[in-house]
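**Student:**
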RNA sequence: GGGUCUAUAGCUCAGUUGGUCAGAGCGCACGCCUGAUAAGCGUGAGGUCGGUAGUUCAAAUCUACCUAGACCCA
């Protein structure tokens, strides 16, 4: 007869193959329909808050693997916090304003449509565009298994958000942190608009190339020669002669050597390395370097005369000067160049002068050049220079020049009025705030401090339409800028109802309080500011706009968690607005994740073909595998991802899943109410693994608290593989299958498996929510009280379980087990045995203590080694036995005595001797009898 | 060019304040099992700790330089 029916084999419907890509959707549906997220959060109402504030992704395009990494990490944080007992609601958000969307919307229109478009229409289209992508991304984020208030996210374009944002702006304005200044921007004279760097295209263009002599203002000595102002010059080179009227300075590199060259009776200052170049280009054959090399530091703050304006030109130092072209002496017009602005204006305080109108024509201030175009001025300038004999050379060259993305025309670099936030005013406070934040990893503090220390003032203005208007008015009479509580309250009221598009819909009078008059001059007519705010001001206000306005949130946030690029971005702008308004950082902790790179550590790019798409991963493997990949990586560094890496994670997943499956199969007849064996009454091996489980709980909990998910991953995986699968489950199978159904030994094992399962499923729930929920549902009646794993509690660490004596004893026994395994393998290689149950083992301890141990535990050794018999033999010698490397025990492997029991498959001398059950051993016979 | 980082077996990670032959799991190879079976068990082979030069009795661990890579800025 077959005895298979008399044993308790695993029994479960829990599928070995997960089929995650399809089944995950079922669980997501269950969560959504039953409001599990809401219930889980509500479950912790009144408990300590743990608020992770979401950095808003930009509402454009589909999510990529970097988004997935970041959002999944956030999900780990909030799910763990909730299970651990914190009140941790998660409100996701989106960043919706800004150039890329405006750009995209415009480029989808014909030229005519674009021309006919009103600002309000444009903004409506932008709104729709953003909303469309929010919907798309929302579904994609939800598909990752990220939970949160997806039905009520925060959007930077929502009226309530905009109101808070201009409130933040107003608070800063009241503290006098804003000022109006000029700054050069890319300007298209045809489209009459400023362009962002993304809208600039560089292309070949023909330009005049001129070398110009600037006369010294006074005589000075340098490099051992004395220079006379009548015949001594600094030589500059430029390809934009029209910017010369705005010249304010000449920049020299502080480190390169300069010299004086004598040529044609004149003394010329230039970089030593470029002398021969310049002479060759200018066609001068006879020249001589008449000075020693000298540092430009000797020239700093001396002056030249402007070649044709009634003005001086200051000699200054700048690291941006190169020796690739020109003379090493750089014409500097702070109104017409970026470096010129930074060095000339911000470092040397020179005027930002750009006498030019929106169409690119020179203004009245430009004197002779008034009304002229840049092309005309190019010619006039060179003529003037020739006239004064200050033009060393004129030629034409082809070079890379910026063009407008739309009309393809040449761009100008031109200073326009901008609003700035003064960083200097709050720098000290900000640096202090940084040191009060906990940075993970810790180098973040230094990175942030360096960044803030070096940061110059924040240009808030953007000459665009898709954004939050800068809520400032200008009095038409006195031209003063007006912003105060009265004007702000009025604007806020209107924005709260109609959103910030109202700024474009209504004239200033409607936006201001009724009959408002200028606080400076009593004037009653006003003009609105046309610029919008930098989008970093949008998201940088989120801590106020979200944390302060939502009832379930609170300021400041416990955590910001973003990619490392956000030191410059969101961490930075949020910090500045928070310090400006509240005097401290908006976060207690900042965590950063690295970027996703390919398996060689290179960044992903379409052209490299190494891009891993989260959608594909989900289709092929499932979101839980993607999440496992996130968990497996030390995200503080850059995170590698490739097919191979994902495949590896799916193998790890399989091991975890099969551990669950084994347990589920073996507790199918287990009723916790009736069959649970309490810890003290369990078998030693069961107690041993329970202690191992406590170690695991301790390690895993601590790893979660430190955001070290890769430690969770490794610890849990090792536990499943080493402790559980190859040891505990392998050994316990015999008890579970063949001992009496209701025997203490079997119930003891089941109770243990149950305890382990309950701890594991909760501990992995933040990482593998779908699988954990699936397991939870399969536990069925046993956990009926809780409808979802996410409504349960974090496993409790049972310190009382610890038992040093037992732990030490089992460490010894398991060492011996390793040696026995090795000995069995040798026997197997000799074809003496196949299955280890075909073996009987003889042992000899290597020490008194070990001999005693073996003697005491003899009873359970066969089960522990999964062999049929174990005997002690103090006659064993090294010649006939294997000497264990781990424990020094001597092991001799023999064929097992007796015959194979048909029921438990062990060999035993009692087999074949029974009356009723001939083919099975005594133990099995008695089990059958008693069932 | 500047700021901040990273570099340990094919892969993912451990390696406290420098000190026993550098560890784990996976993968791989080989074997076993066929009552966890598109599972499970065992054994084994894989590393000049990115490179070079130093400090030291002693360095994967400290210093300098170099190489490769990442983010931000210029």
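In the numbering used here, the protein residues as written are 381 to 1311. Beta carbons are placed, not taken as given, at the ideal position from N, Cα and C, and that holds for glycine.
(1) What residues are listed by DSSP as bridge partners for residue 697?
(2) Give the DSSP-derived three-state secondary structure of residue 1285 in the structure shown.
(3) Does the beta-carbon of residue 632 have 16 or more other beta-carbons within 10 angstroms, so that it is buried, or is it exposed?
(4) Curious, which full-length beta strand (DSSP E) runs of at least 3 residues does the segment 939 to 986 contain?
(5) So, using beta-carbon positions, are residue 684 and residue 782 closer together than 9 angstroms?
(6) Do residue 1139 and residue 1071 count as a contact pair if the criterion is CB distance below 9 angstroms?
(7) Considering just the uninterrupted stretch of the alpha helix (DSSP H) at residue 550, what are its terminal residues?
(8) Does the beta-carbon of residue 519, which I'm using as the reference point, lie nearer than 8 angstroms to any heavy atom of the ligand ZN?
(9) Three Cβ pairs or more, each shorter than 8 angstroms: is that satisfied between the segment 686 to 694 and the segment 764 to 782?
(10) Going by beta carbon distance, what residues of the same chain come within less than 6 angstroms of residue 914, once the five residues before and after it are set aside?
(11) Where do the N-terminal and C-terminal ends of the alpha helix (DSSP H) with residue 875 fall, by residue?
(12) Quick check on this structure: which residue in 450, 602, 442, 531 has the alpha carbon closest to the alpha carbon of residue 417?
(13) Tell me which residues share the same chain as residue 437 and place their Cβ nearer than 7 angstroms to its Cβ, disregarding the 5 neighbours each side in the sequence.
(14) Starting from residue 807, trace the alpha helix (DSSP H) in both directions and tell me its first and last residue.
(15) Give me the Cβ distance between residue 1050 and residue 1134, rounded to the nearest whole Å; I'm assuming they're in contact under 8 angstroms.
(16) Go through its chain and collect everything with a Cβ distance to residue 927's Cβ below 8 angstroms, but skip five positions before and after it.
(17) By the three-class DSSP mapping on this structure, what secondary structure does residue 1102 have?
(18) Determine, using beta carbons only, whether residue 590 and residue 709 come nearer to each other than 9 angstroms.
(19) Give the list of continuous beta strand (DSSP E) stretches no shorter than 3 residues that lie fully inside the segment 606 to 675.
(20) Across which residues does DSSP place residue 801 in a beta bridge pair?
(21) Assuming residue 1149 is part of the alpha helix (DSSP H), what are its boundary residues?
(22) Helix, strand or coil: which one does DSSP assign to residue 477?
(23) Going along the chain, which residues of its own chain have a beta-carbon closer than 7 angstroms to the beta-carbon of residue 974, five neighbours each way excluded?
(24) According to DSSP, residue 790 sits in a beta bridge with which residue or residues?
(25) At what residues does the beta strand (DSSP E) containing residue 854 begin and finish?
(26) Which partner residues of residue 709 appear in the DSSP bridge assignment?
(27) Under 9 angstroms between the Cβ atoms of residue 813 and residue 970?
(28) What does the alpha-carbon distance come out to for the pair residue 751 and residue 640?
(29) State yes or no: is the C-beta of residue 832 within less than 9 angstroms of the C-beta of residue 955?
(30) Can you tell me the Cα-Cα spacing of residue 526 and residue 952, whole angstroms?
(31) So, is residue 1115 buried or exposed, given that buried needs 16 or more other C-beta atoms within 10 angstroms?
(32) Report yes if the CB atom of residue 1058 is closer than 9 angstroms to the CB atom of residue 1168, and no otherwise.
(33) Taking the C-alpha atoms as reference points, what is the distance between residue 1244 and residue 1067?
(34) Find the nearest neighbour of residue 874 within the set 1088, 539, 1235, 693, judged by alpha-carbon distance.
(35) Buried or exposed for residue 566, please, with buried defined as at least 16 other CB atoms from any protein chain shown within 10 angstroms of its CB.
(36) May I have the straight-line CA-CA distance separating residue 862 from residue 612, to the nearest angstrom?
**Tutor:** Looking at the atomic coordinates:
(1) 632
(2) coil
(3) buried
(4) 967 to 973
(5) no
(6) no
(7) 539 to 554
(8) Looking for the ligand ZN in the displayed structure turns up nothing, as the structure carries no ligands at all.
(9) yes
(10) 840, 842
(11) 865 to 878
(12) 531
(13) 447, 474, 475, 517
(14) 807 to 815
(15) 6 angstroms
(16) 431, 433, 933, 934, 935, 936, 937, 966
(17) helix
(18) no
(19) 612 to 618, 629 to 632, 637 to 643, 646 to 651, 667 to 669
(20) 558, 838
(21) 1149 to 1159
(22) coil
(23) 944, 1015, 1016, 1017, 1018, 1019
(24) 783
(25) 853 to 855
(26) 632
(27) no
(28) 39 angstroms
(29) yes
(30) 26 angstroms
(31) buried
(32) no
(33) 14 angstroms
(34) 539
(35) buried
(36) 50 angstroms
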